[in-house]
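A.B. asks: Once you've had a glance at the structure underneath, I'll fire off some questions.
In structure tokens form, the structure reads like this:
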């Protein structure tokens, strides 16, 4: 954003130059966290104390020697109180460094669940910024852990499996061999399966229905339309990552067919269906969803 040297900044508005990228915001926005570096540099004493990274420019703007692009997410948080990240955001480690630099405790609490999710081995403890010192806050840690767990719950794997063949009709003489599915099986975390398939999910064969974290392989759909099931998964953000299938059964030989010549027409059709029977599985995956805690009204489970 090029504001120009002759731009007249209204009263109560401050111009920031962060790593060469210019921003306009209000003084009140920067004061959202009174202990942050951004609130400190609004005073003469704070500017002098942070003179190594923040300086006053000739046009009245404040220059901060940090990443200009990532500052946009920090400024958005100061404006709304919400951490808003785009889908497939890949700069979590760098953003965490920027949040630590600006000493924004509340933003760090919202960022840590996403960081812990991507880098679980790097975070043995949760450090929260408070009044320019890095301290360990047990309450904030509990909230961050609960939010991380909730993020895990929004993502996961769901597997669809079905045993299929072709409907040959009587004596195997049907003009069109339509696909024939016996049942679409569903495997995965029960909570995710309910979210995706809703009332079309049959849980009558699953004896243990307690616990949101429970995994099960005993669910199936009330319909036999594979495309409908795939549409449901796609609408909920799942994508197909792999699939596998068995070959058609080759055990029905011509000899078997000849020996079965005296069977009824229906048995002949069943034989053809058994000959082409196969089992297929599709594995779908959804990543944990960013933006789950963008609303301050949402309280994570602790």
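In full-length UniProt numbering, the protein residues as written are 1 to 302. Beta carbons: idealized from backbone N, C-alpha and C, even for Gly.
1) Looking only at C-alpha atoms, which of 58, 181, 214, 158 sits nearest to residue 167?
2) On a Cα-Cα basis, can you pick out the residue from 228, 190, 24, 213 that is closest to residue 204?
3) Apart from the five residues just before and just after residue 285, which ones in its own chain have a Cβ nearer than 7 Å to its Cβ?
4) Specify the secondary structure class of residue 112 as computed by DSSP and reduced to three states.
5) Applying the criterion that 16 or more other CB atoms from any shown protein chain within 10 Å of the CB defines a buried residue, is residue 34 buried or exposed?
6) What span of residues does the beta strand (DSSP E) with residue 16 cover, start to end?
7) To the nearest angstrom, how far is it from the Cα of residue 230 to the Cα of residue 94?
8) Please state whether the Cβ-Cβ distance between residue 17 and residue 61 is less than 7 Å.
9) Is it right to say residue 71 is buried, meaning 16 or more other beta carbons lie within 10 angstroms of its own, or is it exposed?
10) Which residues in the same chain as residue 29 place their Cβ atom closer than 7 Å to its Cβ, once the five residues preceding and following it in sequence are excluded?
11) Nearest by alpha-carbon distance to residue 220: which of 113, 276, 193, 26 is it?
12) Can you have a look at residue 13 and say buried or exposed, based on whether 16 or more other CB atoms are within 10 angstroms of its CB?
13) From the DSSP output, in three-state form, read off residue 277 for me.
14) Go through its chain and collect everything with a Cβ distance to residue 287's Cβ below 6 Å, but skip five positions before and after it.
15) Residue 194 bridges to which residues according to DSSP?
16) Under 7 Å between the Cβ atoms of residue 232 and residue 197?
17) For a quick check, are the C-beta atoms of residue 84 and residue 99 less than 7 Å apart?
18) If we define contact as Cβ-Cβ less than 7 Å, is residue 64 a contact residue for chain C?
19) Using only CA atoms, which one of 215, 21, 164 lies nearest to residue 273?
20) Counting only runs that start and end within the stretch 200-239, where is the alpha helix (DSSP H) found for 4 or more residues in a row?
21) Fully enclosed by the stretch 21-46, which beta strand (DSSP E) runs are 3 residues long or longer?
22) Have a look at residue 134 and residue 103 and give me their C-alpha separation to the nearest angstrom.
23) Let me know the secondary structure DSSP gives residue 71 once reduced to three states.
24) Assign residue 99 to one of three DSSP states: helix, strand, or coil.
25) So residue 160 and residue 186 are in contact, right, with Cβ under 8 Å, and what is the actual spacing, rounded?
26) Buried or exposed for residue 59, please, with buried defined as at least 16 other CB atoms from any protein chain shown within 10 angstroms of its CB.
27) Report buried or exposed for residue 42, applying the criterion of at least 16 other Cβ atoms within 10 angstroms of its Cβ.
28) Are residue 282 and residue 243 touching if we call contact CB-CB under 7 Å?
29) Alpha carbon to alpha carbon, how far is residue 206 from residue 217?
C.D. replies: Checking against the coordinates, here is how it stands:
1) Closest in C-alpha terms to residue 167, from the list 58, 181, 214, 158, comes 181.
2) The residue with the shortest Cα to Cα distance from residue 204 is 190.
3) Result list for residue 285: 157, 238, 239, 241, in chain order.
4) DSSP places residue 112 in the helix class (H, G or I) of the three-state scheme.
5) Classification for residue 34: exposed.
6) Where residue 16 is concerned, the enclosing beta strand (DSSP E) starts and stops at 13-18.
7) Between the C-alpha atoms of residue 230 and residue 94 there is a straight-line separation of about 36 Å.
8) For the 7 Å CB-CB criterion, residue 17 and residue 61 form a contact.
9) Burial call: buried.
10) Around residue 29: 78, 79.
11) With distances taken between Cα atoms, residue 220 lies closest to 193.
12) Exposed, since its Cβ has fewer than 16 Cβ neighbours within 10 Å.
13) Coil at residue 277, not helix or strand.
14) Within the same chain, Cβ atoms closer than 6 Å to the Cβ of residue 287 are found at 155, the five residues on either side in sequence being excluded.
15) Partner(s): none; residue 194 has no beta bridge.
16) Yes; because the gap between Cβ atoms is below 7 Å, this pair is in contact.
17) With respect to residue 99, residue 84 sits apart: the two C-beta atoms are not nearer than 7 Å.
18) In the displayed structure, chain C is absent; only one protein chain is listed.
19) Nearest neighbour of residue 273 by Cα position, chosen from 215, 21, 164, turns out to be 164.
20) Fully enclosed alpha helix (DSSP H) runs of 4 or longer: 226-235.
21) Entirely contained in the stretch 21-46, the beta strand (DSSP E) runs reaching 3 residues are, in chain order, 21-26.
22) Note that residue 134 scores a pLDDT of 44, beneath 50, so its modelled location is shaky; the value from the coordinates is reported in the next line. Residue 134 and residue 103 have their C-alpha atoms spaced approximately 9 Å apart.
23) Residue 71: helix per DSSP, three-state reduction.
24) Secondary structure at residue 99: helix, using DSSP grouped into helix, strand and coil.
25) With a contact defined as Cβ atoms closer than 8 Å, residue 160 and residue 186 qualify at about 6 Å.
26) So residue 59 ends up on the exposed side.
27) Residue burial is scored here from C-beta neighbours: residue 42 has fewer than 16 other C-beta atoms within 10 angstroms and is therefore classed as exposed.
28) Yes, the Cβ-Cβ distance between residue 282 and residue 243 is below 7 Å.
29) For the pair residue 206 and residue 217, the Cα-to-Cα distance works out to about 8 Å.
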